[in-house]
Every structure is written in structure tokens, then in C-alpha cells.
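The next block holds one structure in the form of C-alpha cells; read it before the comments.
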Amino acid sequence: MYQTLSIERQERVATIWMDRPDVFNAFDEQLIADLGAACAELDADASVRVVVLAGRGKHFSAGADLNWMKRASAFTEEENRADARKFAHMLRALSGMSKPTVARVQGAALGGGTGLAAACDMAVASSDATFATSEVKFGIIPAVISPYVLRAIGPRHVLRYFQSGERFSAQRALAMGLVTEVCEREQLDATIAQLIEPLIVGAPLAQKAAKDLIAAVDGRPIDDAVSEETAQRIARQRATSEAKDGISAFLEKRTPAWLL
């Protein structure tokens, strides 16, 4: 079904494997299209509770494919706009998934590879992973990935790395908030499994509502409008059958329906 990736399902977890190891999982038009379609497929699958984004081979993603960049350099402004929109829509689909997403990062995560990690809810990186928003070195800017990287590390760090294009380590990424956990490469899967375990326990509709809540209140002043919106959101959530079952299950010391 997909030319540049595969989907591995294991119980309630689905892993999207970018499968272009010969070019370090650099993305082009086809990988962008495949990633967008895979996100849509898994988001619609209620049996999938957590989605992991990973790359085959030594590296997570080296960013944009050089042949794709070369083709884009010959595009008209309108053609470049249409091309960039496809990338933007894919990142938005990844970021906007209704279930938890985890980036599994090893080796290089450069340019758009850093953007993919930032677009996921969480990221686990091997200790040898390196990141960069290196677009300025090619005379371009990390425009499409900017909302996700900015959300992850904040404007002060972005001012440095968007302008310098320098590489930074997994430990630096951890300190800035881009990465959730750092471990040795051989411990990646075990570390991600530990992260996923409590995510599976959470109620799926509540998790989606929590993601929507964060997007709705982030960056806003704590005023009457925000107070009212948060009150409305919890009131709506309490009225759902999922919440009623969850509270009853806790009181009755039984397993909630979403874990059966």
C-alpha cells in the first residue's frame, strides 16, 4: 500500500517505519504523501492506541532528499507553494492525531527530521542522536516545521538554531524539551515500551480531549475567557459515557471498558 514506509502493528501500538535507509530516510514527495496517508489510516483505527514514528537503518531522518530539493529549486513560486503545502499538511496530520504519538529517534534527525520529532507528542532519542534546523545553510528557512519546533523548545532556542543551523546533541535536545527521554541505542525499544505502558491505560477520548485542551489554552492569558472555557471542557468530558464508566470502574475496583 505504501512505497516508502511500512506499518507494524503489535497489540494496541502501531509503528510507522520510514523505509528509505539508503538515503537515511530523507523525505521527498512520495514519503510525504505516504506519511500523511498513514497518519490518517491509523488515526481512524480505534484499535490503535499509540502511534510510534521510526526510521529504518542508522538514522531517523536526514531531512529533505537532495534530489527533491534540486527539483524544487527549479520550481516556480506557485509550484513551490503547492509543494510546501503538502509537507505542511502532513506535519499537521501527524501533530493533530487524536492519540498519543512518539518519535523513535536514532542517528541523524536533521531539518525536517527535527520537525517530525517535534510534531510528535513525545520523542525518545538514542544518546548518539543529533538534531539540526540546518535550512539556512542552504539559503532557505525551516518555515513549515517552525510551529512544531517553536512549540517544543521555545523562541529563545529557536532564535539561535534557526539562524545558526548548527547541530545539537540528544542531551541538548532533552534539556530544551525537544526530546522526552534519552537512552542508549540498544535500549530505544525498551524505553519506548515503558513510555507507552501508561499511555495505553489512559482513556482514549480523554486523551484526545487533553490534546485539544492544551492546544486551546497554550499561550493564552489566564483570564475569565480561559477559566470559562476550561470549565466548559471538563463539564462536557464528565458527561461522556467514557468518563462515567471510568469513575465507576475506579470506585468499583474493576477494569474500565476501554481496556477490555
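All residue numbers for the sequence shown refer to numbering that gives the first Met the number 0, where the first residue is 0 and numbers rise by one. Every residue, glycine too, gets a C-beta built ideally from N, C-alpha and C.
Can you name the start and end residues of the beta strand (DSSP E) that residue i belongs to?
i	result
V101	100-104
R253	Note, R253: premise wrong, no beta strand (DSSP E); not H, not E.
R8	4-9
Compare the beta carbon distance of residue i and residue j with 8 Å and say whether it is the shorter of the two.
i	j	result
A215	E228	yes
Q236	A189	no
G110	T129	no
A282	T113	The question about residue 282 has no answer here: the residues shown for the chain are numbered 0 through 259.
L41	M121	no
S126	A169	yes
A25	G56	no
R48	R11	yes
L258	V200	yes
H88	G35	yes
H58	A107	yes
K248	T239	In the sequence on display, residue 248 carries Ala and not Lys. No. Outside cutoff.
S97	K207	yes
A202	E241	yes
Y160	L90	no
A39	L4	no
L212	R184	no
Please identify the residue among the options whose C-alpha is closest to the C-alpha of residue i.
i	options	result
Q2	A124, V22, D33, Q9	D33
S60	S97, Q105, W67, M89	Q105
A192	E134, V101, G176, A81	V101
A118	L250, I144, S126, D127	I144
R19	R11, L30, E10	L30
F137	L65, S5, A230, A242	L65
L115	E77, P220, V51	V51
L158	V135, R91, D27	V135
E196	S240, A151, P99	P99
L177	V123, A39, A87, V225	V123
A142	M175, E165, G95, R80	R80
F86	F161, G218, D27, P154	D27
T179	M96, I152, E185, V225	I152
A174	H156, R84, M17, D44	H156
M68	M0, I139, F167	I139
D44	T75, D217, R8, E76	R8
R150	D222, K243, M17, D217	D217
Let me know the secondary structure DSSP gives residue i once reduced to three states.
i	result
L259	coil
T14	strand
Residue i lies in the alpha helix (DSSP H); which residues open and close that run?
i	result
R171	169-175
For residue i, would you say it is in contact with chain B, using Cβ-to-Cβ distances shorter than 8 Å as the test?
i	result
F137	Considering every chain present, this structure includes no chain B. It has just one protein chain.
Would you check whether the ligand FMN has a heavy atom nearer than 7 Å to the C-beta of residue i?
i	result
V135	Absence of the ligand FMN is noted for the structure shown, with no ligands found whatsoever.
Exercise for review: Scan the region 192-251 and note each continuous alpha helix (DSSP H) run of 4 residues or more that stays entirely inside, going in chain order.
Suggested key: 203-216, 223-237, 240-251
Point to revise | Segments assigned beta strand (DSSP E), at least 3 residues, entirely inside the region 30-117 | key: 49-54, 100-104, 107-109
Review point. Fully enclosed by the region 119-188, which alpha helix (DSSP H) runs are 4 residues long or longer?
Key: 145-163, 169-175
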